[in-house]
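So that you can map any letter, position 298 of the sequence shown is 300 in the working numbering, and since no number is skipped, the others follow by simple counting. Ideal Cβ placement from N, Cα and C applies to all residues, glycine included. Quick notes on the structure that follows.
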Amino acid sequence: MSAPEDGSKRPVRLFTPDFLTELFQNPLDPGYADAAARRRRDPASTAGWRGASARAVAVVVVAAVGFLFAVAYRETMADEPSRSQARAALITQIKQREAETDAMTARAARLREEVGRQRDAALSGSQAARLRNLEAGTGLGRVRGDGVVVRLADAAVQDDGAVNGDSAAGPPRVIYSDLQKVANDLWASGAEAIAINGQRLTATSTIRSAGAAILVDFRPVTSPYEVSAIGPRSLRDRFDDSRSAYLMRRVARDTGLSFEVRRAGDLTLPAAPEPRLRYARPSVSPSPSPAGSGAVGSSGAGSSGPGSSSRPSGGVR
Numbered sequence: 003m004s005a006p007e008d009g010s011k012r013p014v015r016l017f018t019p020d021f022l023t024e025l026f027q028n029p030l031d032p033g034y035a036d037a038a039a040r041r042r043r044d045p046a047s048t049a050g051w052r053g054a055s056a057r058a059v060a061v062v063v064v065a066a067v068g069f070l071f072a073v074a075y076r077e078t079m080a081d082e083p084s085r086s087q088a089r090a091a092l093i094t095q096i097k098q099r100e101a102e103t104d105a106m107t108a109r110a111a112r113l114r115e116e117v118g119r120q121r122d123a124a125l126s127g128s129q130a131a132r133l134r135n136l137e138a139g140t141g142l143g144r145v146r147g148d149g150v151v152v153r154l155a156d157a158a159v160q161d162d163g164a165v166n167g168d169s170a171a172g173p174p175r176v177i178y179s180d181l182q183k184v185a186n187d188l189w190a191s192g193a194e195a196i197a198i199n200g201q202r203l204t205a206t207s208t209i210r211s212a213g214a215a216i217l218v219d220f221r222p223v224t225s226p227y228e229v230s231a232i233g234p235r236s237l238r239d240r241f242d243d244s245r246s247a248y249l250m251r252r253v254a255r256d257t258g259l260s261f262e263v264r265r266a267g268d269l270t271l272p273a274a275p276e277p278r279l280r281y282a283r284p285s286v287s288p289s290p291s292p293a294g295s296g297a298v299g300s301s302g303a304g305s306s307g308p309g310s311s312s313r314p315s316g317g318v319r
């Protein structure tokens, strides 16, 4: 077969590149390519535009933050006078309430003494003496006698605000558990009556903390704390050998607290406030029975049976 002549050659067909061919051959958009070329030709102009934009944004952000801080400061300063006035008013009210409470407590003590005198006059000598002994033992009566005084005080504060002692050994102030330990060991050493800063302790007394304040039966006491106890002459020696005395001496040595125990003669401890009855309730008076019914327990003149009295002599009132 002979080769075709030149005049009979078929024309060469030129194919137009399709989309995929164009995509693979020219992956970058012409606009991006032109921008990259301009950056390569003049990098200073592009960097300057970016730097100016960043500075403008930073200035706007700083101005906005400064404005917010200024508004917050202005609002805080505007509210400060009202807060100071409210705080001063609360402090004044607290002092007034404390003064009223002290006055009412003193009046209650005077009335209690008057009731005691009237009661002693109505009772026989032995019954009055027994009742006074019971009141002294329960804390409801004022007592007087020899005993010991345990004094605890916070660490001294220096001029620069620092305190003496090692802060790692514990807080440089007396905490409520210190008073609890001292009171418990005084009871265990034979104390018959105890008072903390004039607050008489009873079987239901509590020693707690409210923040940095110490409350004895919900009444605040402040440093220095004097725990007065009336008891036998051996009270001090027995308390000196107690664990709480040993611990408090070590704490005082390490933190700078003040702790001392001394004998005291002729101590007078006030009576505790009247307790609130929790379990005892006034007995109900029996209703009168019909005449001639012969009901058991009916009360009458000269009756001496179990139903003749609604409460025992010397009971809870």
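In the pairwise beta carbon analysis, the segment 111-122 is classified as not touching the segment 232-244: fewer than three pairs are separated by under 8 Å. When Pro226, Thr103, Glu194, Ala266 are compared, the shortest CA-CA separation from Arg144 is found for Glu194. By the CB criterion at 8 Å, Leu271 and Ala197 fall inside the cutoff. Cβ-Cβ separation between Arg265 and Val150: approximately 6 Å, consistent with a contact (criterion under 8 Å). CA-to-CA, the gap between Ala254 and Leu269 works out to about 26 Å. When rounded, the separation of the alpha-carbon atoms in Leu181 and Met79 is 42 Å.
In terms of CA proximity to Thr224, Ile209 leads the group Leu70, Lys183, Ile209, Ala124. Pairing Ala231 with Thr140 gives a Cβ-Cβ distance that is not under 8 Å.
The DSSP-derived three-state label of Tyr281 is coil. By the CB criterion at 8 Å, Gly258 and Gly192 fall outside the cutoff.
Annotation: the segment 170-251 contains the following complete segments of the alpha helix (DSSP H) (minimum length 4 residues), in chain order: 178-190, 237-242. For Ala56, the three-state secondary structure derived from DSSP is helix. Look at Ala101 here: in three-state DSSP terms it is helix.
Ala247 is not a Cβ neighbour of Arg202, given a cutoff of 8 Å. Residue environment analysis places Pro174 among the buried positions, since at least 16 neighbouring C-beta atoms fall within 10 angstroms of its C-beta. DSSP places Arg153 in the uninterrupted beta strand (DSSP E) bounded by 145-155.
Around the beta-carbon of Tyr227, 16 or more other beta-carbon atoms lie within 10 Å, marking it buried. When the five nearest sequence neighbours on each side are left out, the beta carbons in the same chain lying within less than 8 Å of the beta carbon of Met250 are those of Leu154, Asp180, Lys183, Val184, Leu259, Phe261, in order along the chain. Apart from sequence neighbours up to five positions away, the residues of its chain that approach Tyr178 with a beta-carbon distance below 7 Å are Ile209, Arg210, Ser211, Ile216, ordered along the chain. At the C-beta level, Arg235 and Val263 stay beyond 8 Å of one another. Of the candidates Arg99, Val229, Ala282, the residue whose Cα lies closest to the Cα of Asp187 is Val229.
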